[in-house]
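**Student:** My questions all concern the structure below.
Protein chains: 4
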Amino acid sequence: VTRPFTSSLPFNVRYAETDQMGVAHHSQHVVWFEMARVQYMKDLGAPYSEVEKAGVYLVVTSVGVRYRRPAYFDEELVVSCWVEDLRSRMVRFAYSLERAADGSLVAEGHSEHIATDRSRRTVAIPQYLRAAIESAPGT
Amino acid sequence: VTRPFTSSLPFNVRYAETDQMGVAHHSQHVVWFEMARVQYMKDLGAPYSEVEKAGVYLVVTSVGVRYRRPAYFDEELVVSCWVEDLRSRMVRFAYSLERAADGSLVAEGHSEHIATDRSRRTVAIPQYLRAAIESAPGT
Amino acid sequence: VTRPFTSSLPFNVRYAETDQMGVAHHSQHVVWFEMARVQYMKDLGAPYSEVEKAGVYLVVTSVGVRYRRPAYFDEELVVSCWVEDLRSRMVRFAYSLERAADGSLVAEGHSEHIATDRSRRTVAIPQYLRAAIESAPGT
Amino acid sequence: VTRPFTSSLPFNVRYAETDQMGVAHHSQHVVWFEMARVQYMKDLGAPYSEVEKAGVYLVVTSVGVRYRRPAYFDEELVVSCWVEDLRSRMVRFAYSLERAADGSLVAEGHSEHIATDRSRRTVAIPQYLRAAIESAPGT
């Protein structure tokens with residue numbers, strides 16, 4: 001069984017991302033997942049900045065996060081992203097967030113997206129994007 | 140059938156909360172849900188600031204958001220919060236986010252929390268908090 | 279001596295705005311100043327959302343903040359904004375941030391802005407905006 | 418003339434950091450400056466996480482930013498930090514933010530800090546921190 005094409009990005013927790021509980025605020029994980037999604041599309045050869053310039057937006061329709069361990073200030077984390085489901089009008093990304101030091105799981109989650117044009121009308125996921133996702137080499 | 144005790148909070152979308160898609164960024168909804176949860180606990184007579192001072196933290200273990208409509212800069216929204224499930228060691232809040240102008244649904248979601256002490260050890264949800272939630276008047 | 283036309287906005291510090299020092303993170307003050315600026319323009323009859331729709335952007339060219347007291351979670355603050363300087367191509371706003379409870383000063387600051395069109399070319403501050411600022415009643 | 422000891426950190430602008438003007442929101446620069454300050458202290462051998470664990474907080478008393486060019490989504494930037502002034506009870510950091518591609522200046526700024534203990538009482542800048550700053554090799 002192969003694991004789907006996956007992109008990973010290391011980063012350090014910023015001070016501004018912590019809250020008075022002494023850990024990264026739980027809304028940050030959604031931002032970190034997005035960073036991994038941006039990296040995934042870049043690695044795929046379809047950078048999201050280019051997709052938007054071509055007039056297509058991947059609008060988020062749902063997000064879910066499960067938090068397993070706290071993330072501390074300045075700790076190095078690795079966020080990973082892969083595609084879990086791909087349909088004509090929907091793409092579902094999955095994410096994991098791990099500590100760089102020992103690979104222990106900090107959080108996992110997913111997001112679902114539809115494609116729209118500049119007028120926010122739903123359109124099909126662009127064919128070149130579907131093809132890139134489907135042909136990306138798993139491991 | 141009664142609706143559980145619910146707290147609501149109006150607010151306007153901040154410019155800093157928008158992104159280059161021209162709408163509020165999807166991570167903001169998690170912050171807005173938290174605002175409603177803080178309001179809920181205040182209305183309950185158990186403000187979260189007091190709960191933390193008493194040494195108890197409500198740590199988020201999962202979050203889910205479904206996005207229905209975009210939220211635009213300066214638009215007035217109303218975020219609401221109620222308790223969907225309450226167990227000895229877990230509480231689940233539910234949320235809705237609506238446009239103030241017409242009540243149309245912008246997003247809905249939930250969060251689950253466990254209680255911990257200052258050393259991040261899981262503890263039971265404090266009895267006074269359980270009692271307050273269970274006796275709060277529905278409508 | 280009159281005080282210039284001033285807009286004020288009360289709000290409560292959000293949990294997500296705190297950091298592990300146990301106070302609101304210092305970048306938040308810039309966001310709160312912006313909220314007061316948005317309120318100022320609304321009170322002036324020239325909401326920023328309308329200004330942007332008319333194709334004019336007030337681009338920030340400098341910001342300064344002096345922090346006097348910490349801002350704590352859930353504390354009610356009042357942020358105020360007025361115009362300190364107005365030229366053909368620049369407007370300078372000033373801000374104060376106070377505790378609602380006792381009026382004690384939390385922070386003060388300023389921001390300078392130029393006007394641009396959609397192509398980011400500098401343009402004159404729109405005449406209707408200059409007129410509104412200049413004729414706004416001081417106190 | 419030597420340039421003082423300087424730390425630099427490359428990063429890419431996050432989508433969540435943009436606003437509807439299509440550029441990074443101006444409050445983000447304050448967060449990026451903080452990232453460079455954290456890197457500076459790490460390079461100095463006095464990581465801020467350790468300083469805090471030792472009971473000393475570097476509390477921000479003022480911040481200033483001058484914005485020169487917009488920062489766009491996914492653009493690679495380099496933020497740099499050095500010490501501009503050091504007194505017994507105050508340290509002033511300076512910052513520059515440049516495009517990685519061509520070194521053009523995006524923003525510059527400064528921040529001033531006092532040291533406090535856990536009870537928010539002002540204390541002297543710790544001697545080991547002063548010594549580390551003063552002996553750091555310029556270029």
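Residue numbers (my numbering), protein chains in the order written: chain R, 1 to 139; chain E, 140 to 278; chain W, 279 to 417; chain B, 418 to 556. For glycine and all other residues, C-beta sits at the position ideal for the given N, C-alpha and C.
Between W/T400 and chain B, is any beta-carbon pair separated by less than 7 Å?
**Tutor:** Not one chain B Cβ lies under 7 Å of W/T400.
**Student:** Quick check: the Cα distance between E/Y211 and B/R506, rounded to an integer number of angstroms?
**Tutor:** Straight-line Cα distance between these residues: approximately 45 Å.
**Student:** Go through its chain and collect everything with a Cβ distance to E/P186's Cβ below 7 Å, but skip five positions before and after it.
**Tutor:** Answer for E/P186: M180, listed in chain order.
**Student:** If contacts are defined as beta-carbon pairs under 8 Å, then W/A294 and E/E173 qualify, I think. What distance do you get, rounded to the angstrom?
**Tutor:** That belief holds up - the Cβ atoms of W/A294 and E/E173 are roughly 6 Å apart, short of 8 Å.
**Student:** List, in order along the chain, the chain R residues whose C-beta lies closer than 9 Å to that of B/V468?
**Tutor:** Under the 9 Å cutoff, chain R gives no residues; its nearest Cβ is about 11 Å from B/V468.
**Student:** Strictly under 7 Å for the Cβ-Cβ distance: is B/T478 near chain A by that measure?
**Tutor:** No chain A appears in this structure, whose protein chains are R, E, W and B.
**Student:** Going by other Cβ atoms of all chains shown within 10 Å of its Cβ, with 16 needed for buried, is R/L58 buried or exposed?
**Tutor:** Per the 10 Å Cβ criterion, buried.
**Student:** Could you tell me how far apart the beta carbons of W/E390 and W/V291 are, in whole angstroms, since I believe they sit closer than 8 Å?
**Tutor:** W/E390 to W/V291, Cβ: 26 Å. No contact.
**Student:** Kindly indicate which residue of R/S135, R/R130, R/Q127, R/Q28 has the alpha-carbon position closest to the one of R/L77.
**Tutor:** Nearest option by C-alpha distance: R/Q28.
**Student:** Does any residue of chain R bring its CB to less than 7 Å from the CB of E/H252?
**Tutor:** Answer no: the Cβ-Cβ gap between E/H252 and chain R never drops below 7 Å.
**Student:** Note down, in chain order, all residues in the segment 57-84 of chain R with a beta-carbon under 8 Å from any beta-carbon belonging to chain W.
**Tutor:** Listed in sequence order: F73.
**Student:** Kindly list, in the order they appear in chain E, the residues whose Cβ is closer than 9 Å to that of B/S444.
**Tutor:** Those are A155, listed as they occur along chain E.
**Student:** Mapping the DSSP letters down to three states, classify R/S119 as helix, strand or coil.
**Tutor:** Residue state, collapsed to three classes: coil.
**Student:** Would you mind sorting B/V522 into buried or exposed? The rule is 16 or more other CB atoms within 10 Å of its CB.
**Tutor:** One point to set straight first is that residue 522 of chain B is Leu, not Val, in the sequence displayed. The residue is exposed, with fewer than 16 neighbouring Cβ atoms inside 10 Å.
**Student:** Looking at E/V222 and E/F232, is the spacing between their C-beta atoms short of 7 Å?
**Tutor:** Contact: yes.
**Student:** Can you tell me whether DSSP reads B/H384 as helix, strand or coil?
**Tutor:** Since the first residue shown for chain B is 418 and the last is 556, residue 384 of chain B is missing from the structure and cannot be characterised.
**Student:** Residues of chain E with a CB under 7 Å from the CB of B/D519: which are they?
**Tutor:** The contacting residues do not exist; B/D519 stays about 22 Å from chain E at best.
**Student:** Within a Cβ cutoff of 6 Å, which residues of the same chain sit near B/A547, ignoring the five residues on either side of it in sequence?
**Tutor:** As written in the sequence, residue 547 of chain B is Arg, which differs from the Ala given in the question. Here the set comprises nothing.
**Student:** Can you give the beta carbon distance from W/Y373 to B/S479, rounded, assuming they're within the 8 Å contact cut?
**Tutor:** About 14 Å separates the two Cβ atoms, so there is no contact after all.
**Student:** Which one of R/T122, R/A136, R/V38 has the shortest CA to CA distance from R/Y128?
**Tutor:** The shortest Cα separation from R/Y128 among R/T122, R/A136, R/V38 belongs to R/A136.
**Student:** Taking B/R486 as the reference, give the member of W/D297, W/T400, W/A314 with the closest Cα.
**Tutor:** It is W/T400 whose Cα lies nearest to the Cα of B/R486.
**Student:** Using a 10 Å radius around the Cβ and a threshold of 16 neighbouring Cβ atoms, would you call W/E402 buried or exposed?
**Tutor:** Reading off the sequence shown, one finds Ala at residue 402 of chain W, where the question assumed Glu. When all chains shown are included, W/A402 counts as exposed.
**Student:** In its own chain, which residues sit with a C-beta less than 8 Å from the C-beta of W/E412, not counting the 5 before and 5 after it?
**Tutor:** L364, listed in sequence order.
**Student:** In this structure, does DSSP put B/A548 in helix, strand or coil?
**Tutor:** Three-state result, B/A548: helix.
**Student:** Is DSSP giving R/E50 helix, strand or coil here?
**Tutor:** Helix.
**Student:** For a contact defined as C-beta to C-beta under 7 Å, what are the partners of B/P427 on chain R?
**Tutor:** What B/P427 touches in chain R: nothing, since even the nearest Cβ is about 12 Å away.
**Student:** Who are the Cβ neighbours of E/G184 in its own chain at under 8 Å, not counting the five residues just before and after it?
**Tutor:** Excluding sequence neighbours, E/G184 sits near A271.
**Student:** Quick one: Cα of R/V60 to Cα of B/E515, how far?
**Tutor:** For R/V60 and B/E515, the distance between alpha carbons rounds to 31 Å.
**Student:** Applying a beta-carbon distance threshold of less than 7 Å, which residues of chain E neighbour B/G439?
**Tutor:** Those are Q159, listed as they occur along chain E.
**Student:** Taking W/K331 as the reference, give the member of B/M438, B/V482, B/V468, B/A471 with the closest Cα.
**Tutor:** Checked all of B/M438, B/V482, B/V468, B/A471; the closest Cα to W/K331 is B/M438.
**Student:** Provide the residue span of the beta strand (DSSP E) that contains B/R516, from first to last.
**Tutor:** Counting along the chain, the beta strand (DSSP E) containing B/R516 begins and ends at 508-516.
**Student:** In whole angstroms, give me the CA-to-CA distance for W/G387 and W/T417.
**Tutor:** Each residue's alpha carbon lies about 21 Å from the other.
**Student:** Locate the beta strand (DSSP E) running through E/V222, then write down its first and last residues.
**Tutor:** It spans 215-225 - the beta strand (DSSP E) in which E/V222 sits, taken as one unbroken run.
**Student:** Going by CA-CA distance only, name the one from R/V91, R/G103, R/A101 that's closest to R/P126.
**Tutor:** If we check each option's Cα against that of R/P126, R/V91 comes out closest.
**Student:** Comparing the C-beta of R/V13 with each C-beta of chain E, is any distance below 7 Å?
**Tutor:** For R/V13, the answer is no, since every Cβ of chain E falls outside 7 Å of its Cβ.
**Student:** Just tell me which of R/P10, R/T6, R/F5 has its CA closest to the CA of R/G103.
**Tutor:** Measuring from the Cα of R/G103, the nearest candidate turns out to be R/P10.
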